[in-house]
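The sequence shown: position 273 = 274 (my numbering), numbered continuously.
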Amino acid sequence: MIKECPQHGRYEDMMAVDAKFLEHIEAMYPGRDIDAHNDRELHNHGTSSIKYGRGSVLTVDLTNRCNMMCDPCFMDANQVGFVHELTFEEVKEILDNACEIKPRRQMSVQFSGGEPTLSPFFMDAIRYARRKGFNSTQAATNGIEFAKSKDFCREAYEAGLRYVYLQFDGIGNDANSHRQVGNLFDVKLRAIDNLHEAGVEIVLVVTVVNGMTNDQVGPVIQFAMDNPKKISFISFQPVSFTGRDEEITDDRRLRQRYTLAHMAHDVKNQVGITEPTRDWFPISVMSTFADFADLVHGPQAEWGQMSCGCHPNCGVGTALMINKETKEMAAVPEFINVPALLKDITKINDAAREVDVKHHGRPCAAQELRSVRRAEEPSHRRPAQEVRQVARGDWPQLRGWQGTP
């Protein structure tokens, strides 16, 4: 990508290392969300105002304090020379405002920082978010406080914490040495055990820097596959050069830039699973399923489904089906023709919006079942008996990898 600006000059950056991958995810983009409305007081930011949708993730930075000094750090925590910390009244105002935007949809409410567990209102914020009706309450954390105390983990779970997005850059202490804590990997393992015991679901969050942590993509995936009862998802987040790295040189930026195409190919090359242009899709495809669920629940539902309409280059994902006992796995797109399924569900959604009133505008479950069955039969995908073998025993778990720059 090359930009020319009369004020700032020429700017060049890398969008992808594989043009076909870029074409694939852009072709699978389902389109923008509805126009933003009923939110003039909240999203009135001039040229930066939100124009489409109503958001899918609400990130609340509780504090800029942290108990680590990382590089990279998009917040530049502990180095700005002052402490900025929300009061509980400010936290409540943010969550109250989020409920005022119509149509009211579920959002992931993620408490972040700095290190959110250092806020004196961390538990109160979780309780209030759940009381308001948000069901996906999360914390983006380095895990130190959770590793220190099982009681802290239990209290967070009882307050309503559903997910922990755990900073997790690699396997072993050496792979985490750039975080400047000698035994950081041991801390992560303790945090995972404590959180799992308390009932909190765990998402591993890997900041991927080319030439620094990109060799850990495969080992982290293998770790998750070896621990399917403890790890729900992996979120690979290509480094964003902001905060502590805002003044990065052009040479270093191009050298360390890591794109979504990098990630898709590293998964295939390091683990030997998934095909970049078959098994990866923009995370915005979830909006197709959200539309279907909204139609099924009807307009009288208290909350709409969480829907993400972000640009296809913002993030991609895939899913594995893993037997929690045998640890056998299969990539879902190996046995489901996802593009065909998306097209069929889109047709059902569009038809249901025009159906006559006697059907209450809701799609037929038989239509959906036929759509899934049609999507199961392509010849290049894994035979059905192999998939059943993977799923035999305990209920299988979907494992997602998501990359967000």
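Here a beta-carbon is modelled for each residue, glycine too, at the ideal position from N, C-alpha and C.
Does the distance from the CB of residue i to the CB of residue j come in under 9 Å?
i: A126; j: F89; result: yes
i: H85; j: N65; result: yes
i: R258; j: D14; result: yes
i: L261; j: I26; result: yes
i: N338; j: M330; result: no
i: Y164; j: G200; result: no
i: S308; j: S57; result: yes
i: T138; j: D170; result: no
i: L119; j: A140; result: no
i: I284; j: Q217; result: no
i: Q168; j: G144; result: yes
For residue i, which of the options has the nearest alpha-carbon?
i: K133; options: R105, G115, S285; result: R105
i: A28; options: T327, Y164, V286, A320; result: V286
i: Y30; options: V92, T327, G316, L321; result: G316
i: C1; options: S109, E146, S178, I349; result: What is shown of the chain runs 2 to 406, which leaves residue 1 out entirely.
i: R33; options: K52, L43, H46, M16; result: K52
i: M16; options: L205, T327, A332, N314; result: N314
Nearest-angstrom Cα distance between residue i and residue j?
i: H266; j: K103; result: 40 Å
i: R191; j: D36; result: 45 Å
i: L255; j: T214; result: 15 Å
i: D251; j: L23; result: 23 Å
i: V110; j: E116; result: 15 Å
i: A352; j: K230; result: 39 Å
i: Q8; j: C100; result: 40 Å
i: R155; j: G10; result: 53 Å
i: K269; j: E91; result: 45 Å
i: V210; j: R354; result: 45 Å
i: V358; j: P300; result: At V358, the pLDDT of 44 sits below 50, so the modelled position is not reliable; the number obtained from the coordinates is stated separately. Near 13 Å, if we compare the C-alpha coordinates of P300 and V358.
i: A160; j: V206; result: 23 Å
Three-state secondary structure (DSSP) at residue i?
i: Q223; result: helix
i: D34; result: coil
i: S233; result: strand
i: G362; result: Low per-residue confidence applies at G362: pLDDT is 49, beneath 50, and the placement is therefore not dependable, though the value from the model is reported in the following sentence. In this structure, G362 counts as coil in the three-state DSSP scheme.
i: Y53; result: strand
i: D357; result: With a pLDDT of only 43 at D357, under 50, the local geometry of the prediction cannot be trusted, and no value is derived from it.
i: S150; result: coil
Just checking residue i against the ligand GDP - is the residue's beta carbon closer than 8 Å to any of the ligand's heavy atoms?
i: T48; result: With respect to the ligand GDP, the structure offers nothing, as it holds no ligand at all.
Which residues does DSSP pair with residue i in a beta bridge?
i: E58; result: With the sequence shown as reference, residue 58 is identified as Val, and Glu is not the correct amino acid for it. In the DSSP output, where bridge partners are listed per residue, V58 has S109.
i: T208; result: Q238
i: T64; result: E86
i: Q139; result: Q111, Y164
i: R11; result: E5
i: G305; result: R106
i: E202; result: Y164
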